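Peer 1:
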Amino acid sequence: MSFVITAPEALTAAATDLASLGSTIGAANAAAVAPTTAVLAAGADEVSAAVAALFDAQGQAYQLLSARAAAFHEQFLQALSGGGASYAAAEAAAVSPLLDAINAPVLAATGRPLIGNGANGAPGTGADGGAAGWLIGNGGAGGAGGLFGAGGDGGVGGFGTFAGNGGDGGTGLFAAGGDGGAGGSGLTQGGDGGIGGAALGLFGAGGAGGTGGEGGLFGGAGGMGGSAGMLFGNGGDGGAGGNNNSGFGTGGSGGKGGDAVLIGNGGNGGNAGSGGVGPGIAGAAGIGGLLIGEDGMEGLTP
Numbered sequence: 123m124s125f126v127i128t129a130p131e132a133l134t135a136a137a138t139d140l141a142s143l144g145s146t147i148g149a150a151n152a153a154a155v156a157p158t159t160a161v162l163a164a165g166a167d168e169v170s171a172a173v174a175a176l177f178d179a180q181g182q183a184y185q186l187l188s189a190r191a192a193a194f195h196e197q198f199l200q201a202l203s204g205g206g207a208s209y210a211a212a213e214a215a216a217v218s219p220l221l222d223a224i225n226a227p228v229l230a231a232t233g234r235p236l237i238g239n240g241a242n243g244a245p246g247t248g249a250d251g252g253a254a255g256w257l258i259g260n261g262g263a264g265g266a267g268g269l270f271g272a273g274g275d276g277g278v279g280g281f282g283t284f285a286g287n288g289g290d291g292g293t294g295l296f297a298a299g300g301d302g303g304a305g306g307s308g309l310t311q312g313g314d315g316g317i318g319g320a321a322l323g324l325f326g327a328g329g330a331g332g333t334g335g336e337g338g339l340f341g342g343a344g345g346m347g348g349s350a351g352m353l354f355g356n357g358g359d360g361g362a363g364g365n366n367n368s369g370f371g372t373g374g375s376g377g378k379g380g381d382a383v384l385i386g387n388g389g390n391g392g393n394a395g396s397g398g399v400g401p402g403i404a405g406a407a408g409i410g411g412l413l414i415g416e417d418g419m420e421g422l423t424p
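Read in order, the letters of the sequence shown are residues 123 to 424 in this note's numbering.
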């Protein structure tokens, strides 16, 4: 049994190039319409009549061939594009059952899949975002809170060579925003912490930013703190930057503290992560309320 290996991306790129080629051929045929369809009137002698008839026949043959070439090009382009789409759909259909078979035992044993992004919390429920897969994936975003419910917390990012990012915290309407999820630890780059959810109504504190994940070369950045409610509430603290686990890289930057609006204190900036070459940048302080409130404190640098 023979096996066929197809790259849908290559087919799509070839179809795009072929469509561009068709446009060029169409422009050339349009430019050749006048010279191949308009023939000067023949003279009274037999030689002129024969020459005019020859050129007229040549023009008609060219127009016929160009029409057939354009039709063949269109058919071939449709077949190539359709084939690429079919292969892509087949790949997507084959991946889902395979991932389910791989993730099912790990999910049952640990509560987290092995590969994949965490599910987002449903809007209006304030549900927390799902954790990402252990190896690959970003944490799910927390669901927005209902009328008086707080936003859900973001899910934790996955671990891997390039770790996944933490999910953003959900927004609160008349309550606090959810905290951002922590970034996953990575062999090279730590995942970034999720952004703290904002309090969208009159009251409520902003959610705290997620902590950046540790990395072998670079620590992940801490998430920014969420902004407070329009009337009163404190801004969320920025997440701390992830540490660097080797002597060659840098730590992650701390997240900025969230701002208050009218009454309330700004959130503190996240601390910078430590690193062998140097630490990250400390997070900036959040701004206090316009009427009453103090600015937060800038994050610390180790």
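From the three backbone atoms N, C-alpha and C, an ideal C-beta is built for every residue, glycine too. Model, not experiment: these values are computed from the prediction.
1. Mapping the DSSP letters down to three states, classify L69 as helix, strand or coil.
2. Report yes if the C-beta distance between G334 and G374 is below 9 Å; otherwise report no.
3. Go ahead and label M123 buried or exposed: buried means 16 or more other beta carbons lie within 10 angstroms of its beta carbon, across all protein chains shown.
4. Can you tell me the Cα-Cα spacing of M419 and D222, whole angstroms?
5. Assuming G313 contacts G274 (C-beta within less than 8 Å), just tell me the rounded distance between them.
6. Could you have a look at F281 and say whether DSSP puts it in helix, strand or coil?
7. Return the first residue and the last residue of the beta strand (DSSP E) that G308 is part of.
8. Is it right to say E336 is buried, meaning 16 or more other beta carbons lie within 10 angstroms of its own, or is it exposed?
9. I need the DSSP call for M123, collapsed to helix, strand or coil.
10. Skipping 5 residues on each side, what residues in its chain have a beta carbon closer than 6 Å to that of N260?
11. Taking 9 Å as the CB-CB cut-off, is G277 touching chain B?
12. What residues in its chain sit with their C-beta under 6 Å from that of N367, if we drop five residues either side in the sequence?
13. Could you check what DSSP says for S142 in three-state terms: helix, strand or coil?
14. Give the single residue among L384, N242, L236 and G326 whose Cα lies nearest to the Cα of G358.
15. Look up I224 in the DSSP assignment and give the residues it is bridged to.
16. Let me know the secondary structure DSSP gives G148 once reduced to three states.
17. Specify the secondary structure class of G415 as computed by DSSP and reduced to three states.
18. Are the CB atoms of D301 and G265 nearer to each other than 9 Å?
19. I think N356 touches N393, with their Cβ atoms under 8 Å apart; what is that distance to the nearest whole Å?
20. Given P401, which residues of its chain have a CB within under 6 Å of its CB, disregarding the five upstream and five downstream residues?
21. Any idea if S142 is buried or exposed, counting beta-carbon neighbours within 10 angstroms, 16 or more meaning buried?
22. According to DSSP, is A321 helix, strand or coil?
23. Apply the 10 Å Cβ neighbour rule to V399 and answer buried if 16 or more other Cβ atoms are within range, or exposed otherwise.
24. How about G318 and G342: are their beta carbons less than 9 Å apart?
25. Applying the 10 Å Cβ sphere with the 16-neighbour rule, what's the burial state of T293?
Peer 2: The relevant details are as follows:
1. Residue 69 lies beyond the stretch modelled for the chain, which goes from 123 to 424, so this question has no answer here.
2. yes
3. Because the pLDDT at M123 is just 41, under 50, the model does not fix this residue reliably, and the point stays unresolved.
4. 46 Å
5. The Cβ separation is near 19 Å, so there is no contact.
6. coil
7. G308 to Q311
8. buried
9. Legend: pLDDT at M123 = 41, less than 50; position of this residue unreliable, value from coordinates given subsequently. In the structure shown, M123 sits in coil (DSSP, three-state: anything other than H, G, I, E or B).
10. N239, A254, G279, G286 and N287
11. Any reference to chain B falls outside this structure, which holds one protein chain only.
12. E336 and G338
13. helix
14. G326
15. None; I224 has no bridge partner.
16. helix
17. coil
18. no
19. In fact, because the Cβ distance is near 18 Å, the residues do not count as touching under 8 Å.
20. G373, A394, T423 and P424
21. exposed
22. strand
23. exposed
24. no
25. buried
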